[in-house]
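Just so you know, our numbering puts 159 at position 158 of the sequence shown, and the rest follows in order with no gaps. Notes for the one structure printed next.
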Amino acid sequence: MRILLIDDHDVVRAGLRAILGTQSDIEVVGEAANGADGVRQALALQPDVVLMDLAIGAGMDGIEATRRITADAPGIRILVFTTYDSDADIVRVIDAGATGYLLKDSTPEELYAAIRAAAQGQAALSAPVASVLLKRMQQPEGALTPREAEILELLAAGLSNRELGRKLYVSETTVKTHLLHIYRKLGVETRSAAIAEAGRRGWVRHRP
C-alpha cells in the first residue's frame, strides 16, 4: 500500500514514516506540510491512502484538501489522522469524502489496521468518532448538517454574519437561517450562547 503523509509538523511526519516503515506491506511514497502541496502530490503520486491531518498550517485545511482530492481522484482513500474530535470536524470531513477518521492517541496497531481497512475502502473510525456518527443516524433531527457544522466552526472563530456570507458565498439572509437552525439544535438564542454551548458539547474545536 502506497501512503502519502499530509501533516504540518516535521516531527510527526518523521515519526509516522518510521512507524509505518516497520510494516512490509506499507510504503510511504511522499509527504506534504500543507494542504495545497498535499493535493498536488496526491494527484501526482496517486497513493492508495492519504494520511491527512486537519489543521495543516495557513491556507487550505485538511477538510478542503480532502474535498479536492476525492473530487479529482475518487480512487484515493483519505484517512484523517488528527487530534481534533469535534462534531463539526467529523461531520464536515466525512461529508468531504474521507474514508476513515482516527485520533492521534491511537496505538500503532490501530493505525496499521485503519490504513489497511481504508485501502480496501472500508470505514476506519476511532470510537469517539463512531459515536458521533451513530448519534447523527439515531437523532438526525438534532444533528448538524455539514453546512451548519462549517458555519458553527466559523462562528466560533469570531466571524460576523457578513464575513460568514462572504466566506461561504451565500447571502446574509441564508446565514441567518442557518444560525436559527443551529440555535434551535443547541437550545440557545444568541451567538455567544451558541458558541459556549457548542464548546461544552464538543461540537467545535477547543479554542484558547
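We treat Cβ as the ideally placed atom computed from N, Cα and C, and that holds for glycine.
Do you know offhand how far A195's Cα is from P147's? 17 Å
Is it buried or exposed for A19, if we count other Cβ within 10 angstroms and need 16 for buried? exposed
One or two residues paired with T83 in a DSSP bridge: Partner(s): L104.
Any idea if G36 is buried or exposed, counting beta-carbon neighbours within 10 angstroms, 16 or more meaning buried? buried
With I64 and A43 assumed to form a contact (beta carbons below 8 Å), what rounded beta-carbon distance in angstroms separates them? Not quite, the Cβ-Cβ distance comes to about 14 Å (not below 8 Å), so this is no contact.
According to DSSP, simplified to helix, strand and coil, what is I4? strand
On the DSSP bridge list, what partners appear for G31? L5
In this structure, what does DSSP give as the bridge partners for L52? L6 and L80
Of the residues V133, A59 and L112, which one's Cα is nearest the Cα of V94? Nearest to V94 by alpha-carbon distance, out of V133, A59 and L112, is V133.
Would you kindly report the start and end of the unbroken alpha helix (DSSP H) that includes Y113? It spans P109 to A120 - the alpha helix (DSSP H) in which Y113 sits, taken as one unbroken run.
Which word fits S87, buried or exposed, when buried means at least 16 other C-beta atoms lie within 10 angstroms of its C-beta? buried
Quick one: residues in its chain with C-beta nearer than 8 Å to the C-beta of K168, no 5 flanking neighbours on either side, listed in chain order? Counting only Cβ-Cβ distances below 8 Å, and skipping sequence neighbours, we find L155 and L160.
So does the region 165-182 actually touch the region 96-108, counting three or more Cβ pairs closer than 8 Å? no
Assuming T83 contacts L55 (C-beta within less than 8 Å), just tell me the rounded distance between them. 4 Å
If I measure Cβ to Cβ from A124 and keep anything under 8 Å in the same chain, skipping five residues before and after, which residues do I get? T100, G101 and A118
May I ask you to report which of helix, strand or coil DSSP gives L180? helix
Answer yes or no: does any C-beta atom of chain B fall closer than 9 Å to that of A59? Reference to chain B is not applicable here, since this structure consists of a single protein chain.
Alpha carbon to alpha carbon, what distance is there between E190 and A157? 15 Å
Taking just the CA atoms, how far does K186 sit from A150? 12 Å
Whole-angstrom C-beta distance between L80 and V50, which should lie under 8 Å: 6 Å
Taking only the alpha-carbon atoms, compute the straight-line gap between L5 and A74 and give it to the nearest angstrom. Rounded to the nearest angstrom, the two C-alpha atoms are 14 Å apart.
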